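Asks: Residue numbers (this note's numbering), protein chains in the order written: chain A, 5 to 239; chain B, 321 to 615; chain C, 242 to 498.
C-beta: ideal position from N, C-alpha, C; glycine also.
Quantities reported herein were computed from a predicted structural model and do not represent experimental measurements.
Take this structure first; my questions come after.
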Amino acid sequence: MIRQGFILCLTLLPFISLFFIAPSMGIENNEAIVHTVGLTIILSGINVWLATTFAWWLLWTESRWKHVLEWLVFLPLFIPMLATLFGLYLILAEVGLIGTYVGVMLALLVVTIPYSIRLAYNGMAVIGRPLLEQARLLPMSRRVVYVLYPLFSRTMRTIALFSTVILLSQFALIQLIGAGLIPTVTTELYQSYAGNNRSLALSNTWMLILFPVVIYFLLSGWNRWMVRMLKGRLQ
Amino acid sequence: MSLNVVDLRKQFGSRQILDDVDFEVALHDIHAIVGVSGSGKSTILRIIAGLETADGGDVRWNHRSLNKIPAHKRRVTMLSQTALLFPHLTVGENVTLATRKRSRKQAEHWLQVVRLGDRYDAEIHELSGGEQQRVSLARALAAEPELLLLDEPFTNLDPKLKLDLQRFIRDLVKELNLTAVLVTHDREEAMLMADRVTLLEAGKVTRTGTVEELYDSEPGFGDFVMIDGELRPLSEVEISETIGEPVQLMKKIYRFGQCFGEYHFEDGRSIMLPTHEWFQIGMMYRMKRKEEYHA
Amino acid sequence: MLRSSVALTILVSLFPLTALLFLGIEATGTDWGALLTDETWRDSFVTTLYVVSVSTMLSLVFGTWLARTVVKQRWRFTSTILKIPMFVPHIAAAYLFWLLFSGANGFGGIEANERDYVTVILTYIWKEIPFVFLMMLGTYEQLNRGYVETAKTLQLSPYAQFKHAEFPFLIKPLLDSTWILVAFISFAYEVPALLGVTYPKLLGVLAYERLSTGLYLEATAPYAVALIWTCLVGFGVFVSYLMTASLRRRIERGVRR
């Protein structure tokens, strides 16, 4: 009991910083919030889609390229983030995507997708091949709606959440690829910190922490509602 | 020296798994605990091994309580359903690890005892299920236990292999003067291997006795016949026209597309066995061991 | 539809490798000799090694220990709480730690920005322990307890029990976690930029600043450093996976779940 309490305290301790000073209540930059929300939704959506389909393919494929492709998609996890970023900067500069929304989006996708595929693959491994094999016997639309979606909904929520957290952690990426033209809550935090505006930095920190929380609850609610509705249709 | 299990109690949640379980295992005996799955028999074994703690009661070895002694200091080894050989080690290394002095020589000796003397350097996945179980036995013996626990170690083996290994382990335990507790749901297995049997039902001991006592009085233990002065399960027995013990065919019935006959012994006992269709009711036949079981 | 999205994923996954190719091309003009003798880079390299090894080591040890304990003791609530820091963005975590150790509010003893990078290490540990915890949690939950029990009944010491009945099954996830953490921590900007000091900077910070500050716009050194560091990590990955390949295959084939 004492050990547990100690571990919990250490885990939660850094959060007390949130209450040291009052965050500034006025929202300074609406554009940053809009950008952050937009990027989050698009990035999470694409990640969930690409990662689940790829993991599904990987689970069943008999292609002799399976192992090569498995390595290819997981390899970026072992490449230092900034190295990928520097290279991406060079590629995107070549095609004129620096300073654009698309360029930022693409760079974010590149750094998030390996994690998402890994999560999706692990999620499917936990459910297990035998059960998923049963699902494969159903026609496509029913399989996806009634079996795969309810089974994967938690994994999909985790993927969306992870993509969001990685996105919110990126200052260098968004600053470099976005050429400073695409402000997000993260770049705002960094600038308010550098400008020594503590209460503004704190309000941005609050936002960065609350963002994933809100997404978590929204997605949980949505998943619960969807599963209940699907169950209702089967009765 | 003996093993005493005294008033053992165990509860999982609201379910009473063991309810005042009492029995004694004599030195050098093989003692079987027989019960259906969920009767709590494996829990008894786990408590004896120290892998589980009892809510009440005591386990005594040589009149000394084992309750406070951790599993790895009890000198009790266990053979379970799966061989559970450490996959990062070779066959021989698995056995060497268990020897007291990490001695390769001793490990080789134990592998020879289980007739796998030439497989020291083999990898685990190269062995068949039966061979893996034999390595597991060698490993358990290499730890020089005072008490050997057998937790349904034959469940995953095919019938022929199962019978071989049952005999082999029984002979080995006797030869090495070990004491063993066998847990099984299979009465046939208990009859074949054990000296004494404890019957367990829903966590309670319903009876303890020698194999002979149970054979005479317990239903389900009667499916054995005496051939060549030894008890044999019915699955090992067939009816012939020429050699074996005399029996009389009383009745023929057809089940699942097969013909069965009811035979009476001279002392009035009867058994059911697969039968040739041309055998005639009222005639005398002979009962013998099946060829495939003659070792 | 499945095929086209698989193709798209492969295409996206090819980007990092292409990125390395571009890095290589861009770095060709670098004066490698000067780079290796440049004291700023060298100090930065040493400091980075120190921060990475300490943070990774501690995260691995604590994360694994926590996963083991949580599964063994069935601490459901603690398990949930332990995952929380993972969902705090790195930069937010860094700011929380900055506030925790800076100025009037801070705890005594450690400054928010100091040369030993203690706050950077603490931030990384706080963020990465949950990651390792999660990776190992799955492993421990799927681990066949029979192996440990067998080890116990074979009268192996607690250390030998861990060595033979647990550790072999941890090799793969530990290896994965180690290199993911090294790649992640070693060459990043956000956390050390917020909590670091002006000298010596961590490699990621130094490279990013050299790249994005007007003063060094023409320099190829940051690209060269990024490439060297990636090669070093890549070499580590390659060697460690190669060295454990036969052992991992043997375990995979022989394990009973």
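Just the C-alpha distance for B:Thr410 and B:Ala458, rounded to the nearest angstrom, thanks.
Replies: 13 Å
Asks: Using the three-state DSSP reduction, which class does B:Asn324 fall into: helix, strand or coil?
Replies: strand
Asks: Just the chain C side, please: which residues come within less than 8 Å of B:Leu404 by C-beta, in chain order?
Replies: Asn385, Gly387, Tyr388, Thr391 and Arg497
Asks: Pull up the distance between the alpha-carbon of B:Val531 and that of B:Arg487, whole angstroms please.
Replies: So the alpha carbons of these two residues sit roughly 16 Å apart.
Asks: Whole angstroms is fine: what's the gap from C:Ile325's alpha carbon to C:Tyr482's?
Replies: 31 Å
Asks: When the Cα of C:Thr297 is compared with those of C:Leu340, C:Leu243, C:Val361 and C:Thr439, which residue comes out closest?
Replies: C:Val361
Asks: Is B:Ala346 close to chain C, meaning its C-beta is less than 8 Å from at least one C-beta of that chain?
Replies: no
Asks: Does DSSP put B:Ile444 in a helix, a strand or coil?
Replies: helix
Asks: Can you give me the Cβ contacts of B:Asn324 inside the same chain, cut-off strictly under 7 Å, excluding the 5 residues immediately before and after it?
Replies: Glu344 and Arg380
Asks: Report the partner residues of B:Pro594 according to the DSSP bridge assignment.
Replies: B:Phe580
Asks: Could you please tell me which residues of the segment 475 to 495 of chain C, in chain order, have their CB closer than 7 Å to any CB of chain B?
Replies: Leu488, Arg491, Ile492, Arg494 and Gly495
Asks: Any beta carbon from chain C within less than 8 Å of A:Asn200's own beta carbon?
Replies: no
Asks: Do the segment 399 to 407 of chain C and the segment 393 to 403 of chain B make contact, defined as three or more Cβ pairs closer than 8 Å?
Replies: no
Asks: Could you confirm whether any beta carbon from chain C is found closer than 8 Å to the beta carbon of B:Met262?
Replies: What the structure shows of chain B is the stretch from 321 to 615, and residue 262 of chain B is not part of that stretch, so it cannot be assessed.
Asks: Flag B:Val557 as yes when its Cβ comes closer than 7 Å to any non-hydrogen atom of the ligand ZN, and as no otherwise.
Replies: In the structure on display, the ligand ZN does not appear, and there are no ligands present to speak of.
Asks: Since A:Trp61 meets chain C, which of its residues come closer than 9 Å, beta carbon to beta carbon?
Replies: Those are Leu243, Arg244, Ser246, Val247 and Thr250, listed as they occur along chain C.
Asks: Quick check on the DSSP output: the beta strand (DSSP E) that includes A:Met5 runs from which residue to which?
Replies: A:Met5 -> no beta strand (DSSP E), and no H or E assigned at all.
Asks: Would you list the one or two residues that DSSP bridges to A:Leu89?
Replies: Its beta-bridge partners do not exist; DSSP assigns none.
Asks: Output, in chain order, the set of chain C residues within a Cβ distance shorter than 7 Å of A:Val41.
Replies: Chain C residues near A:Val41: none, gap ~15 Å exceeds 7 Å.
Asks: Between B:Leu404 and C:Thr391, is the Cβ-Cβ spacing less than 8 Å?
Replies: Yes; because the gap between Cβ atoms is below 8 Å, this pair is in contact.
Asks: For C:Trp316, which residues in chain A fall below 7 Å Cβ to Cβ?
Replies: Gln8
Asks: Considering only the alpha carbon of each residue, which of B:Glu565, B:Met603 and B:Leu512 lies closest to B:Gly581?
Replies: B:Met603
Asks: Do C:Tyr365 and C:Ile322 count as a contact pair if the criterion is CB distance below 8 Å?
Replies: no
Asks: Using a Cβ cut-off of 8 Å (strictly closer), state whether C:Ala353 contacts chain B.
Replies: no
Asks: Can you tell me whether DSSP reads A:Tyr194 as helix, strand or coil?
Replies: helix
Asks: Can you give, in chain order, each stretch of the alpha helix (DSSP H) that sits fully within the segment 120 to 179 of chain A and has at least 4 residues?
Replies: 133 to 140 and 153 to 173
Asks: Bridge partners of B:Glu344, per DSSP?
Replies: B:Asn324
Asks: Just the chain C side, please: which residues come within less than 7 Å of B:Ile444 by C-beta, in chain order?
Replies: Gly495
Asks: Give the interface partners of C:Pro409 over in chain B, defined as CB-CB distance under 9 Å, in chain order.
Replies: The answer, in chain order, is Phe406, Pro407, His408 and Leu409.
Asks: Grouping DSSP H, G and I as helix and E and B as strand, with all else coil, what is B:His351?
Replies: strand
Asks: For C:His405, go through chain B and note every residue whose CB falls closer than 8 Å to its CB, in chain order.
Replies: Phe406, His408, Leu409 and Leu417
Asks: Whole angstroms is fine: what's the gap from C:Thr281's alpha carbon to B:Ile389's?
Replies: 60 Å
Asks: When you compare the CB positions of A:Ser21 and C:Leu340, do they come within less than 8 Å of one another, or not?
Replies: yes
Asks: Pick from A:Phe166, A:Arg68, A:Leu206 and A:Ile178: whose alpha carbon is nearest that of A:Leu110?
Replies: The residue with the shortest Cα to Cα distance from A:Leu110 is A:Ile178.
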